[in-house]
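Down below is the structure, laid out as structure tokens.
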Amino acid sequence: MGTQIKCLLKSNEISLNDLNNKTLVIDSYNLLYQFLTTIRSRDGSLLMDSKGNITSHLVGLFSRTTRLMQNNIKLIFVFDGEPPKLKEIERQRRKDVKMHAKRT
2 MGTQIKCLLK SNEISLNDLN NKTLVIDSYN LLYQFLTTIR SRDGSLLMDS KGNITSHLVG
62 LFSRTTRLMQ NNIKLIFVFD GEPPKLKEIE RQRRKDVKMH AKRT
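This is the structure:
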């Protein structure tokens with residue numbers, strides 16, 4: 002997915018301290034999708050609040066953001082373009098929930 006530019010870039014590992022007092026731009030759609038696909042409860046289900054709303058992405062976002070901010074890293078969240086195609090199922094689910102709520 003996305004632009005395949007790795008072959009044009011030189012990889013260089015850095016530590017979190019190397020980003021101290023720097024600004025980091027974040028691809029928000031991909032970050033949130035990453036959290037939705039990786040943060041799960043012990044039984045493998047997505048984290049949810051008491052009303053059944055999925056919260057895995059919020060837990061991940063809060064955890065990652067606070068960790069970066071503790072290292073004096075300024076964050077810019079970019080919501081650019083269309084969300085990943087793989088997120089279409091979640092987008093459709095949200096649309097269905099919204100339509101159901103309007104009918105009731």
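Each residue of the sequence shown is one higher than the one before, counting from 2 in our numbering. In this text, a Cβ means the ideal position worked out from N, Cα and C, and glycines have one as well.
Checking 9 Å against the spacing of the C-beta atoms, do I74 and N13 come in under that value? Cβ distance not < 9 Å, so I74 and N13 don't count as in contact.
Cα-Cα separation, F63 to C8: 32 Å
So who's on the other strand from I27, going by DSSP bridges? DSSP lists F78 as partners of I27.
So what does DSSP say about L9, is it helix, strand or coil? Residue state, collapsed to three classes: helix.
Quick check on L10: buried or exposed, where buried means 16 or more other Cβ atoms within 10 Å of its Cβ? exposed
Work out the CA separation of K103 and K86 for me, nearest whole Å. 26 Å
Just reading off the alpha helix (DSSP H) that S64 is part of, what are its end residues? In this chain, the alpha helix (DSSP H) harbouring S64 covers S57 to Q71.
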